[in-house]
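From first to last, the protein sequence lines stand for chains A and B.
-7 is the number of the first residue of the first sequence in the working numbering; add one for each residue after it.
57 is the number of the first residue of the second sequence in the working numbering; add one for each residue after it.
For reference, the structure is listed below as structure tokens.
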Amino acid sequence: GAGVSQSPSNKVTEKGKDVELRCDPISGHTALYWYRQSLGQGLEFLIYFQGNSAPDKSGLPSDRFSAERTGGSVSTLTIQRTQQEDSAVYLCASSFTDSTNTQYFGPGTRLTVL
Amino acid sequence: GNSVTQMEGPVTLSEEAFLTINCTYTATGYPSLFWYVQYPGEGLQLLLKATKADDKGSNKGFEATYRKETTSFHLEKGSVQVSDSAVYFCALSSLSGSARQLTFGSGTQLTVLP
């Protein structure tokens, strides 16, 4: 079956611009996660959606970052007024809500802020 | 909080050599444990998992055993191939409370030479 998909695969933007990154989770998965992978920081958790519950935003690095999940499926991560330190690969994962919490990842979006 | 300590890389082996990548963790309760693999230019792929003590996860010749007494989940393969060259990440997911995000180790770069 189809895996997690993300778009765009690459995004180059200028400092100060806003960007939107999209994630389509595996059909039927109730949980959706965003992570960031950068050279200096490794893999960092950003935000977690579980069904209709309020998202866990505890990993967002600043108020320039926000995310929403519409209809319990597709999610959009928005970064406002991008900075060079936002350059990273943004990874989305999804899972069932079960006792294993096995997460499956998309291919990622590589964001470059010039 | 949760943490994962992973053997520093890079690791370079000859084809058919034995591989061990050490991973230890700190977590409350009984987390699920995972190994993910990232091939060049790709996203994270689930390699194997174990969800309770003494479980052995295995896939593609790789194995890891959930050792609660030593809080470890070391990755092993008896005979590596050139195609195993990738970055390997150990991760855990605590299933208590609302914090279900993955906590990752720093990753171990493996290069297998022919």
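Just so it is clear, CB atoms sit at the ideal spot from N, CA and C, and this is done for glycine as well.
Source: prediction; values computed, not measured.
- At a cut-off of 4 residues, not a single continuous stretch assigned as alpha helix (DSSP H) sits fully inside the stretch 58 to 104 of chain A.
- Within 10 angstroms of the beta-carbon of R156 of chain B lie 16 or more other beta-carbons, which makes it buried.
- In this structure, A73 of chain B keeps its C-beta atom at 9 Å or more from the C-beta atom of V143 of chain B.
- For R14 of chain A, the enclosing beta strand (DSSP E) covers residues 11 to 16.
- Contact of G134 of chain B with chain A is not assigned, every C-beta pair being separated by 9 Å or more.
- The alpha-carbon of S(-3) of chain A is positioned some 24 Å away from that of Q33 of chain A.
- If you draw a straight line from the Cα of T164 of chain B to the Cα of T80 of chain B, it is about 13 Å long.
- Straight-line spacing of the CA atoms in Y96 of chain A and Q101 of chain B works out to 7 Å.
- Taking a beta-carbon distance threshold of 9 Å, T22 of chain A does not count as an interface residue toward chain B.
- Separation of K7 of chain A and A120 of chain B (C-alpha to C-alpha, rounded to the nearest whole angstrom) is 44 Å.
- Here V143 of chain B carries a strand assignment [DSSP, helix/strand/coil].
- Among the CB atoms of chain B, one or more fall inside 9 Å of the CB of S91 of chain A.
- Take the alpha-carbon of D90 of chain A and the one of D111 of chain B: they are about 17 Å apart.
- With contacts defined as CB atoms closer than 9 Å, L106 of chain A and Y82 of chain A fail to qualify as a contacting pair.
- Using a Cβ-Cβ cut-off of 8 Å, F37 of chain A is close to Q157, L158, T159 of chain B, given in chain order.
- Within a 10 Å sphere around the beta-carbon of S88 of chain B sit 16 or more other beta-carbons, which makes this residue buried.
- In the three-state DSSP reduction, V168 of chain B falls in the strand class (E or B).
- Not one beta carbon of chain B lies nearer than 9 Å to the beta carbon of L52 of chain A.
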